[in-house]
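These notes are about the structure you will find just below.
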Amino acid sequence: MKKMLDLLTEEMQKAFEAAGYDAALGKVTVSNRPDLCEYQCNGAMAGAKQYKKAPIMIANDVAAKLSESKVFAEAIAVAPGFLNLKVTEEFLLDYIKGMAASKKFGVEEPKHPKKIVIDYGGPNVAKALHVGHLRSGVIGESVKRIARFMGHDIVGDIHLGDWGQPMGLIIHELQLRHPELPYFDESFTGEYPAEAPFTIAELEEIYPTASGKSKEDPEYKAAAMEDTFKLQSGVRGHRALWDHIIRVSVSDLKRNYQKLNVEFDLWNGESTVHDLIPGMVDNMKKGGYAYISDGALVVDVKEETDTKEFPPCMILKSDGASLYNTTDLATIQMRMDEIHPDKLIYLTDKRQDLYFEQIFRCARKTKLVEPETELLHIGFGTMNGKDGKPYKTRSGGVPRLENLIDEINEEMLRKIKENSANKGYEVDEEQAKETAKIVGLAAIKYGDLSNQPAKDYIFDVDRFTSFEGDTGPYILYTIVRIKSILNKYKEQGGNLDKAALQTVQNDSEKALVMELCKFNATMEAAYEESAPNKICAYIYDLANEFNRFYHETPILVETDETKKAGFIALLVLAKNVLETCIDVLGFSAPERM
RNA sequence: GUUCUCAUAGUUAAAUGGAUAUAACAAGCGCCUCCUAAGCGCUAGUUGUGGGUUCGAUUCCCGCUGGGAACACCA
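Residue numbering for the first sequence follows our numbering, beginning at 1067 and increasing consecutively.
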């Protein structure tokens, strides 16, 4: 289905043309003065100079051509040259019926579906997820789901940090603690134990300890580097131990991401591309792109148009070792070879803006990607505490993501119990906990996603879990209300018939219908701009319109069955649209709350 | 030092170059014999500063002030 505004614009363009003006002036937008009109067109003012006429005269000419329109019930020219518009009942009903009958509520399949790889999450193995990982996971998951809904083929890759210095540090520390393990016995030729010699809790403790020691003790550091080298060169015991580290760590990561309703299609990491690095580096040298500067191998990525200094992209350190850049570039090569994507998306902290600009330029210059391959870095802002500074625990440390989720869930549970006590009904403890988890996740995700990704935002537990205002819980409450009515309707023997939509009865119903009609345009904008916040803003408006309608319109007591079925059909559509939206945002609604 | 980025009610956030800048929270007032009051309605309050482009600027351009960040052997 075409977008509502496109249909209106087409109609308006015909009128401009019929009146003898440039059709391009006939752009229709949603009214920003709902008290005056539903839609507006400002083309007459834009065209005033071109035609050397007062805008109001042009507007009058165009309005005259619209008197017979089947689309616009009203087109009034207003000083200085606005065209104020209202649509006809028939047009609106027709559109909403088409939307209800459509599989994706009016979103069409793309003519050329894109193959996209999205790189997000980016946790390190053997380290607990902390709040810094929240945005990459939450925004990335939503960007992925939006693209998928729009009909594109998108693959999400977690891109684990699983191969650098930290691995050597952990292995070295393990050797000091348990020198008797067979992994460190180079003469050992038997089968290594299937069971890992540590738990996830130990692993999470070992890394910070080892990291701290290496900063103070050069010998310790040297030994850890030696272990890193052994691992990377394939020493059997080191590899076996590393396998354990990955297995233990990944199963813990999966558990945590599941709590966040974040799912990756690929669990690749830096280690995945290790073997590709020598070949890639070779090609860069042969191609004449890479040269030695201060001992390091670099590729110049300056461009003619740069006004500022642009540092070259480093490929290998002066000791010949690979670094972050190396694995990222090799990962691009692997993705191009295996997946052949049209577009690569990365989600990291916005502080890496310059870094990704270097990587992208380098990938283009060294022809790792096709000239038409799109490369996009979505840099997101910091999650701050109420003081406006990066979110910290009371003791000043970086809070674990798990603790943050628990904190929200506890607060949600407390509120659910408080609410039920106020209303005087009993809630089952287990049921309440389940509901608290669902609502808590919505609170966290909506709180994050409703902000523009690039901006810093303040993570305020009290505000996000609030029952009131522009929050996740408010959206869920609205959906629960609709579900409740639909359930009662079915209990009364009613059938949910999508086609039963009726001509709108009152203002609040019309407002709700018009809001629903914006769905496909909103989803498309959210996709094109990688902006989940647009969907949040949309469902907040939609929930508002529904609640107003709900408040003013008794539904189940309606005696005219045709009318009632029409209301119900509208509710079904509203519920489906809301649930589709929260699904692409990455959360869901409970049955009751 | 260079470059990037941000600046909107008391607070947190919106606004493809359009009319009277939009919400939420906090404050004040009203609405449950009625489908979940986690709701609805009403009142009061904002574009850092100086220029420019434009019929028209929160939006685009330049300067200033003030926050944040990046600037090759970390990731």
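Where is the CB? At the ideal position from N, CA and C, for every residue including glycine.
With fewer than 16 other beta carbons inside 10 angstroms of its own, K1554 counts as exposed.
T1414 is classed as buried because its beta carbon has at least 16 other beta carbons within 10 Å across all chains shown.
Restricting attention to alpha helix (DSSP H) runs no shorter than 4 residues, the region 1184-1232 encloses them at 1198-1215, ordered along the chain. F1422 sits in a helix when the DSSP states are folded into three classes.
With 16 or more neighbouring CB atoms inside 10 Å of its own CB, G1506 falls in the buried class. In this structure, G1451 keeps its C-beta atom at 7 Å or more from the C-beta atom of V1328. Measuring C-alpha to C-alpha distances from P1146 to each of A1114, V1137, G1172 and K1136 identifies A1114 as the nearest.
From the listed residues P1176, S1550, G1300 and T1537, the smallest Cα separation to L1515 is found for T1537.
Partner residues in the beta bridge of K1409, as assigned by DSSP, are I1182 and E1440. Non-local C-beta neighbours of P1232 in its own chain, meaning closer than 7 Å and more than five positions away in sequence, comprise N1190, A1192 and Y1273, ordered along the chain.
Cβ neighbours of T1154 within its own chain (closer than 6 Å, five residues either side excluded): A1139. DSSP places A1362 inside the beta strand (DSSP E), whose first and last residues are A1362 to V1365. Residue environment for P1407: buried (at least 16 other C-beta atoms within 10 angstroms of its C-beta). Counting along the chain, no beta strand (DSSP E) covers C1602; the unbroken alpha helix (DSSP H) around it starts and ends at P1598 to E1618. Approximately 39 Å separates the beta-carbon atoms of K1521 and A1635; this is outside 8 Å, ruling out the contact. Cβ-Cβ distances below 8 Å link F1295 to G1234 in the same chain, with the five nearest sequence neighbours on each side left out; the list follows chain order. Taken atom to atom, the span from the alpha-carbon of L1639 to that of A1166 is near 6 Å.
Apart from the 5 residues on each side of it in sequence, I1182 sits with its Cβ closer than 8 Å to the Cβ of A1213, H1218, D1219, I1220, V1221, P1407, D1408, K1409, L1410 and I1411 in its chain, given in chain order. In the DSSP assignment, C1107 falls within the unbroken beta strand (DSSP E) covering Y1105 to C1107. Here S1388 carries a strand assignment [DSSP, helix/strand/coil]. In the structure shown, the three-state DSSP call for N1488 is helix.
Three or more beta-carbon pairs drawn from the region 1538-1548 and the region 1609-1629 are found closer than 8 Å, and the two stretches are therefore classed as touching.
For V1153, the pairing in a beta bridge is given by DSSP as F1138. In the assembly as shown, R1427 is a buried residue. Its beta-carbon has 16 or more other beta-carbons within 10 Å. Per the coordinates, the alpha-carbon of C1583 lies some 25 Å from the alpha-carbon of K1511. For a cut-off of 8 Å, the C-beta gap from I1381 to M1402 is around 17 Å, too long to register as a contact.
In the three-state DSSP reduction, N1098 falls in the coil class, being neither helix nor strand. Distance from the CA of K1180 to the CA of N1391, rounded to the nearest whole angstrom, comes to 26 Å. Ranked by how close their Cα comes to the Cα of L1326, the residues S1461, Q1571, W1308 and N1475 have N1475 in first place.
DSSP places I1381 inside the beta strand (DSSP E), whose first and last residues are C1379 to L1382. One Cα belongs to I1444, the other to I1548, and the distance between them is close to 35 Å. DSSP, read as helix, strand or coil, puts P1539 in helix. Taking a C-beta distance under 7 Å as the contact criterion, A1591 and K1600 qualify as a contact pair. Within the DSSP bridge table, the entry for S1359 names A1362 as partners.
When rounded, the separation of the alpha-carbon atoms in A1487 and A1509 is 22 Å.
K1210 and I1184 have their C-alpha atoms some 7 Å from each other.
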